[in-house]
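Take 99 as the starting number for the sequence shown in this note's numbering and just add one per residue.
We put the beta carbon where it would ideally sit given N, CA and C, even for glycine.
Working notes, structure below.
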Amino acid sequence: MMNNLKKIYCLYFLLAGSFSLNTNAAEGSSAANNISSNPAAVNITPGTGEAQQFIERKFAIQNNHGIHFDGAWLGDVNNLFSGGIPHADRWTANSLFLASLTVDTEKLSGWKGGLFGVQYLQFNGQDTNKQAGSIQGYNSLPGPPPLNRSELYQLWYRQTLFNDKFIFRIGKVDPTLDFNNVLKPVPLEADQLNIPVVSGLIYTPIFVNTTMLGVLPGYYNSAYGITLNFVPLKTWYLSLGAYDGNLAQGKQTGLTGPNFNGSYFYIAETGFNWLLGKNQLPGTIGVGAWQQTGLITGEPDLSEKNASGYYLFGSQRLWYKHPGENISAFYQYGANNSNVLPMNKYVGVGLTAFRLIPCRDKDSMGVGAALSWLNQHSFSRKTELMFQAYYQAQILKGIYVEPVLSVIPKPGASPHLNTAWAGTARVIVLF
99 MMNNLKKIYC LYFLLAGSFS LNTNAAEGSS AANNISSNPA AVNITPGTGE AQQFIERKFA
159 IQNNHGIHFD GAWLGDVNNL FSGGIPHADR WTANSLFLAS LTVDTEKLSG WKGGLFGVQY
219 LQFNGQDTNK QAGSIQGYNS LPGPPPLNRS ELYQLWYRQT LFNDKFIFRI GKVDPTLDFN
279 NVLKPVPLEA DQLNIPVVSG LIYTPIFVNT TMLGVLPGYY NSAYGITLNF VPLKTWYLSL
339 GAYDGNLAQG KQTGLTGPNF NGSYFYIAET GFNWLLGKNQ LPGTIGVGAW QQTGLITGEP
399 DLSEKNASGY YLFGSQRLWY KHPGENISAF YQYGANNSNV LPMNKYVGVG LTAFRLIPCR
459 DKDSMGVGAA LSWLNQHSFS RKTELMFQAY YQAQILKGIY VEPVLSVIPK PGASPHLNTA
519 WAGTARVIVL F
């Protein structure tokens, strides 16, 4: 009887279109069907390319000459159940639209190893995190003001050399694609061993280690600079980067052109991956260090020159029944020596389960915890702890819904704030 019920259950979801999603090209593996809750922060191309494929079929285009376009729309509604700042807005909403174009120069003109990319970003939202009194940010979509912005998010050229062992990318870029990216799948040779995108958590620390908030360019404040990647082995890499560092002075680098005036952000990272034990459980680790030069400003009326820090992150598959059905863990750590940045130390951990519900092959669920030590020059509370749990479900081809519950026992904005409970309902549309 149980087998019959399972068959009926699976048939229902099959008819509902649950199995219709092809692999997201941004994830880079046929096994990586689970997606990030904010593709703008961690993926070179945010969408699936389905819109382009439809147009090519419609007009019988046989050769796209290496021109690829895709995009994504993310929208969420947040309900602050309890806690938060006095007279807080209990309901807030956010919307993010991305449109991306890449051109493979080899397919277009015969220039081998080149890739040109441009990306447009439109964000309209509210100060969701401030309402909860959260310094870390339980929702990664809203950042610093202005909260209504249209910007040229990325404009870069990428070139591979020496049999793809050396790669550089120059222009207006998002460094979080290459640095401190705990969400990226483990880059192993066999698809069946690959960990899908490590978590669908929506809080800010999963995308930016909180000890680098305010200096590391990223969503939605990209910056002009250069990234160098050395990949001499399939299991080891080294990445170096240098970028416009004016974000440290509160300038919205995502909305401006290049400004090389002595304020720079430098970063270096290395990492490797492995297969653990008789079950060949994949894992990865990365460690990095950074330095911010020039003036750094903060609240209230704080300033300093130069700061530095270091971080590590990693992920490990803990269990699997068969390829794709597994439980994985991630971990993060960071510290800095700044007297101005809002947070000086950070620890984060989480667990993610993939495909554990029958016939829901594209679903994932997970929990995470983020603990940041607050700058005592700016805040009265010493730490801010945050817990979050989510379920990410594919509804239709390229469409996901994600309910999220966030708890902040002692919001860092004030020592007088009570525990904040917040619920988020996010929709992710990839095209």
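- Message: Since Thr274 and Ala139 should fall inside the 8 Å C-beta cutoff, what is the C-beta to C-beta distance between them, to a whole number of angstroms?
- Response: 6 Å
- Query: Comparing alpha-carbon positions, which option in Gln252, Gln160 and Trp334 lies nearest Gln610?
  - Reply: What is shown of the chain runs 99 to 529, which leaves residue 610 out entirely.
- Does the count of Cβ pairs from the region 359-367 and the region 440-453 closer than 8 Å reach three? no
- Message: Helix, strand or coil, according to DSSP, for Glu397 in the structure here?
- Response: coil
- Item | Enclosing beta strand (DSSP E) for Gln224 [first to last residue] | Neither: Gln224 is in no beta strand (DSSP E) and is coded neither H nor E.
- Would you kindly report the start and end of the unbroken alpha helix (DSSP H) that includes Pro184? No alpha helix (DSSP H) contains Pro184, which DSSP labels as neither H nor E.
- Ignore the nearest five residues each way along the sequence and tell me which others in Arg247's own chain have a CB closer than 6 Å to its CB. Phe221
- Message: Tell me the DSSP secondary structure of Thr522 in three-state form.
- Response: strand
- Are there 16 or more other CB atoms within 10 angstroms of the CB of Leu286, so buried, or fewer, so exposed? In this prediction, Leu286 has a pLDDT of 45, which is less than 50 and means its spatial position is unreliable; nothing more can be read from the coordinates.
- What residue does the beta strand (DSSP E) around Val445 start on, and which one ends it? Met441 to Phe452
- Query: Relative to the C-alpha of His185, which residue among Lys228, Arg415, Arg453 and Ile153 is closest?
  - Reply: Lys228
- Query: Going by other Cβ atoms of all chains shown within 10 Å of its Cβ, with 16 needed for buried, is Lys419 buried or exposed?
  - Reply: exposed
- Query: Residue range of the alpha helix (DSSP H) that Lys205 falls in?
  - Reply: Thr203 to Ser207
- Item | Residue interval of the beta strand (DSSP E) (run including Lys270) | Phe264 to Val271
- For Glu402 and Phe529, the rounded distance between their alpha carbons: 44 Å
- Item | Residue nearest to Gly312 in terms of C-alpha spacing, selected from Phe152, Thr190 and Asn344 | Asn344
- Item | Segment contact flag, the region 506-513 with the region 154-168, C-beta cutoff 8 Å, min 3 pairs | no
- Query: Where Pro356 and Met310 are concerned, what is the direct C-alpha to C-alpha distance, given to the nearest angstrom?
  - Reply: 21 Å
- Tell me where the alpha helix (DSSP H) around Arg458 begins and ends. Careful: Arg458 lies outside any alpha helix (DSSP H) and carries neither H nor E.
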